[in-house]
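Let me begin by presenting the structure, written as C-alpha cells, before commenting on it.
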C-alpha cells in the first residue's frame, strides 16, 4: 500500500499550477488542506461561510488561524434558513445547504473577478459515511483533493502532526443544524443558544468530544462523560435553559441517522 504522504505528494503536481479556493470552516480537514497546499507552494484563497448555523466563536477562530498563517481569507454570508428544505429541517437539509453554499462561494469568487478552482476538505472517510452534503459537492464539480489522495481522517492527524500543523487532534464540530431532530424548525435564537451552551461546555476540562442534541428534548451526547463532571455539566445546561437534559455516552456522529 502506498504511504499517505506519498499519495498526497503524487497529487501536488496536478494542483500546483492552478490558483485554488478552499471552502474553509476552520475545522481540521479544511485547515489541513490549506496548510498542506501552501506548504507545497500552491496559491490558495480561503472562503469562510458565516451564518446562523455557524457559531460566532468558530468563525472568530477561523479568522485568527488564517491571519496567523498569512492565509488570504474571504468571508461569505450564507443563510441556509432561507432554504425550504432547511427551514422545515427535512432529511435533505445537508444536501440543500451544501448545494446552495457551493453556489454562493462561486458567486463570491465571480464577484471579485476570480476564476480559482473551488476545493473542499472532504476526506476519504467522508465518502463511505452518511454524508448527504457529499452529493451536492460532487454535483457542483467541487474538487476534493484529500479524498482524491485517499487520505483518511487519522492520516490527516498523523501527517499534520509530523508537518507542524497546530492542533492536529482538533475535534469535529459540525454545523449547528445537525443538533436538531429532523422536523424541528431551526430558529436563529435557538441556534445561538445552542452555540453558547456548547461553548461553555467545551470550556469544561475533561468533557472531550460531545454534542448537545434536541430530540426535541435536550440530550447531551458525549464520547466519555466522567461521573465527577456531571454536576458542572448540569449547571451549564441549567444556566442556558436546558435543565433536565438526558446524558448518553458513545459515538457522537450521525445521531439522527442511525
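Numbering (the numbering used here), first residue to last: 3 to 260.
Glycine included, every Cβ here is placed at the ideal spot set by N, Cα and C.
Take the alpha-carbon of residue 48 and the one of residue 26: they are about 6 angstroms apart.
Annotation: residue 228 to residue 209 spans about 7 angstroms, alpha carbon to alpha carbon. Inter-residue distance for residue 124 and residue 177 is about 15 angstroms (C-alpha atoms, whole angstroms).
Two segments are said to touch when three or more pairs of C-beta atoms, one from each, lie closer than 8 angstroms; by this definition the stretch 112 to 119 does not touch the stretch 130 to 139. Counting C-beta pairs with one atom in each stretch, the stretch 75 to 85 and the stretch 38 to 52 have three or more that are closer than 8 angstroms, which means they touch. Distance check between residue 223 and each of 66, 38 and 203 places 203 closest, using alpha-carbon atoms only.
By DSSP's assignment, residue 136 forms no beta bridge with any residue. Each residue's CA atom was taken as its position, placing residue 85 and residue 146 some 25 angstroms apart. Here residue 134 is not near residue 108, since their CB atoms are 9 angstroms or more apart. Under the criterion of beta carbons closer than 8 angstroms, residue 59 and residue 201 qualify as touching, at roughly 5 angstroms.
Inter-residue distance for residue 230 and residue 239 is about 16 angstroms (C-alpha atoms, whole angstroms). Contact between residue 216 and residue 186 holds: CB atoms are separated by about 6 angstroms, below the 8 angstroms threshold. Residue 15 is classed as exposed because its beta carbon has fewer than 16 other beta carbons within 10 Å across all chains shown.
Residue 66 and residue 194 have their alpha carbons spaced roughly 21 angstroms apart. The closest CA to that of residue 72, considering only 90, 61 and 40, is found on 40. For residue 251, the uninterrupted beta strand (DSSP E) run begins and ends at 248 to 251, by DSSP.
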